[in-house]
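Chemist:
Residue numbers (UniProt numbering): 1 to 250.
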């Protein structure tokens, strides 16, 4: 899949969703450029997961469209990889069979899928775990395995729903750095749900705050380009964090 740098890889336009009389999303517009990380923040009930499900094709909006490049994929699952908070590894399968499931589902034999997946184990920090079972892995290692499975489903666009929230602070920071390195190497495009403002500022290029009152995006912050570590130590970082927090609480 190829696209110009200025053309969004994924675009949602005029997305509306209600459940009975309750309006959850109203005229949401969102675009994500290739290789970027876009984060969604907001209070519980602001529609983050509903929007995620619509972008992934797991739910159909009452109005609006989702386009992957020039293709209308509204309500069509399978065009993006979706990873939840839990690793959801199947406990009765070895790690190599867990991560190669997307390849099996695409029609590859067990041996073909294993061979293709095995080439990524070292790069994903999983070397030596191929024939272990999930119960033998640490939390961070299990998340790496889940990331690899997600990556093998789609090397273009991934949706991550609080993937680091179950990790301790040290493992969490390490996993964030690791994911950004993988993202840069493979030009992965990422949409991230998080409740952690620091995580969003650390990982994102663009941050959107969804409002349960507005039923749409109430605030957008574009993280400055340049040295991210330097930004984290700057006054601009503190100002951005305050503005995002105020937008969430408004």
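Cβ atoms here follow ideal geometry from the backbone N, Cα and C, with glycine treated the same way. Because the structure is a prediction, the values reported are computed rather than measured.
For the region 157-235, list the alpha helix (DSSP H) runs that are entirely contained and at least 4 residues long, ordered along the chain.
Modeler: Those alpha helix (DSSP H) runs which fall completely within the region 157-235 and span 4+ residues are 169-186, 197-203, 228-232.
Chemist: Anyone know if the C-beta pair for residue 223 and residue 192 falls short of 8 Å?
Modeler: no
Chemist: Nearest chain C C-beta to residue 46 closer than 8 Å, yes or no?
Modeler: In summary, chain C is missing from the structure at hand, where a single protein chain is found.
Chemist: Can at least three beta-carbon pairs, one atom from the region 46-54 and one from the region 197-216, be found at a separation below 8 Å?
Modeler: yes
Chemist: Check whether the region 97-105 and the region 59-67 touch, using three or more Cβ-Cβ pairs below 8 Å as the test.
Modeler: no
Chemist: I'd like to check one pair, residue 39 with residue 248: are the Cβ atoms closer than 8 Å?
Modeler: no
Chemist: Looking at C-alpha atoms only, which residue of 196, 61, 70, 30 is the closest neighbour of residue 16?
Modeler: 61
Chemist: Please return the same chain residues whose Cβ sits closer than 7 Å to the Cβ of residue 18, not counting the five positions on each side in sequence.
Modeler: So the list reads 24, 62, once near-sequence residues are dropped.
Chemist: The alpha helix (DSSP H) spanning residue 139 covers which residue range?
Modeler: 139-153
Chemist: Taking the continuous alpha helix (DSSP H) assigned at residue 121, which residues delimit it?
Modeler: For residue 121, no alpha helix (DSSP H) encloses it, and the DSSP letter there is neither H nor E.
Chemist: From residue 3 to residue 35, what does the alpha carbon distance come to, in whole angstroms?
Modeler: In this predicted model, residue 3 has a pLDDT of only 44, less than 50, meaning its place in the structure is not dependable; the value taken from the coordinates is given anyway. Approximately 11 Å between the Cα atoms of the pair.
Chemist: If the criterion is Cβ atoms closer than 8 Å, does the pair residue 159 and residue 9 meet it?
Modeler: no
Chemist: Along the chain, where does the alpha helix (DSSP H) containing residue 97 start, and where does it finish?
Modeler: Counting along the chain, the alpha helix (DSSP H) containing residue 97 begins and ends at 95-99.
Chemist: Which residue marks the beginning of the beta strand (DSSP E) containing residue 65, and which one marks its end?
Modeler: It spans 63-68 - the beta strand (DSSP E) in which residue 65 sits, taken as one unbroken run.
Chemist: Please classify residue 109 as buried or exposed, where buried requires at least 16 neighbouring CB atoms within 10 angstroms.
Modeler: Burial check for residue 109: the Cβ neighbour count within 10 Å stays below 16, so the residue is exposed.
Chemist: List, from N- to C-terminal side, the beta strand (DSSP E) runs of 3 residues or more that fit wholly inside the region 6-50.
Modeler: 8-19, 22-33, 37-42
Chemist: Look at the alpha carbon of residue 73 and the alpha carbon of residue 29, and state the distance between them as a whole number of angstroms.
Modeler: 15 Å
Chemist: What is the rounded straight-line gap between the Cα of residue 150 and the Cα of residue 219?
Modeler: 29 Å
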